[in-house]
C-alpha cells in the first residue's frame with residue numbers, strides 16, 4: 470500500500486545543534502502530522518499541518534520546533550536548538566482527511582541528542 | 162477533555178489463549194474508534210476501526226465492538242499467536258488529530 474517515507478532513520482546530534490527531520494507523505498494526502506514516542510511508550514501528538522498551516526499543536530511542540538512543507542516537497546520538523554529531552558522516535562503520518570480518517574505512519578526517525 | 166484510557170500496560174499470555182485489551186474513551190465528538198498495532202521497531206499500523214454502535218468489527222483474527230453506552234472499544238482475540246506480540250494503541254479522532262491511549266504491550270510466550 471501507499472507509504473510514508475522518513476529520512477533519516479537515525480540521527481545523533483549534539484545538544485544545542487539544529488536538526489531537520491524529513492517526511493515524504495502519501496502523494497494524495499492533505500493532512501500531515503508529527504508524533505513523538507519515547508522508549509516504545511505512548512504516541513504523543515506534536516503538531517498537524519494542512520494547506521500550508523499549522524492547525525493544532527500540543528504543549529510538547531516547544532518554541533524550538535517548527536514545521537513546513539515548501540512547495541509540496543518534504544514535510545519537515547526542525548528543532549533548533551535541540552535539548553537532551555528531545556531524544557525520542559519521531560513519527561510522521563499523513564491522512565486524506567482530518568476527522569475520522571486513519572493515518573499512514575512512516576517508520577520513524579530515531580533521534581538521539583547527546 | 163478528550164481522552165482514551167487503556168488500563169493494562171502489559172499483558173503476558175501463553176500462545177493459544179484468548180485476550181482482551183481494554184479501551185474506554187471520553188470525547189465530545191461522535192466517536193470513531195481505532196486500534197493500532199506497533200511491532201518492535203516498526204511504525205504503528207491500523208488494525209481496526211469503527212463508528213457503529215454495538216457492531217462487531219474484525220480483522221486478522223482480532224475483533225472489537227464499539228459500545229457507546231459504556232464508552233468502550235475493547236480489543237479481543239480468541240487465540241493469540243507469537244506474532245501478536247506488539248504494542249497496541251486505542252485511539253480516536255479529537256479535533257484535528259488522533260488521540261492515542263497509553264498503549265498496552267502484549268507479550269505472547271510459547
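Residue numbers (our numbering), protein chains in the order written: chain Y, 470 to 583; chain H, 162 to 271. We put the beta carbon where it would ideally sit given N, CA and C, even for glycine.
Counting C-beta neighbours from all protein chains within 10 Å, is the total for residue i 16 or more, i.e. buried, or is it exposed?
i	result
residue 247(H)	buried
residue 533(Y)	exposed
residue 583(Y)	exposed
residue 214(H)	exposed
residue 265(H)	buried
residue 517(Y)	buried
residue 210(H)	buried
When you compare each of the options to residue i by their alpha carbons, which one comes out closest?
i	options	result
residue 497(Y)	489(Y), 519(Y), 504(Y) and 476(Y)	519(Y)
residue 563(Y)	572(Y), 557(Y) and 555(Y)	572(Y)
residue 162(H)	179(H), 226(H) and 190(H)	190(H)
residue 198(H)	168(H), 236(H), 212(H) and 270(H)	236(H)
residue 245(H)	179(H), 186(H) and 257(H)	179(H)
Is residue i close to chain H, meaning its C-beta is less than 7 Å from at least one C-beta of that chain?
i	result
residue 525(Y)	yes
residue 514(Y)	yes
residue 480(Y)	no
residue 576(Y)	yes
Would you tell me roughly how many angstroms separate the C-alpha atoms of residue i and residue j, rounded to the nearest one?
i	j	result
residue 547(Y)	residue 488(Y)	6 Å
residue 242(H)	residue 222(H)	10 Å
residue 217(H)	residue 194(H)	12 Å
residue 260(H)	residue 515(Y)	11 Å
residue 228(H)	residue 253(H)	14 Å
residue 477(Y)	residue 490(Y)	7 Å
residue 565(Y)	residue 494(Y)	10 Å
I need the boundaries of the beta strand (DSSP E) containing residue i, first residue and last residue.
i	result
residue 238(H)	236 to 238
residue 560(Y)	557 to 564
residue 545(Y)	544 to 548
residue 260(H)	258 to 261
Checking contacts by CB at 7 Å: is residue i closer than that to chain Y?
i	result
residue 258(H)	yes
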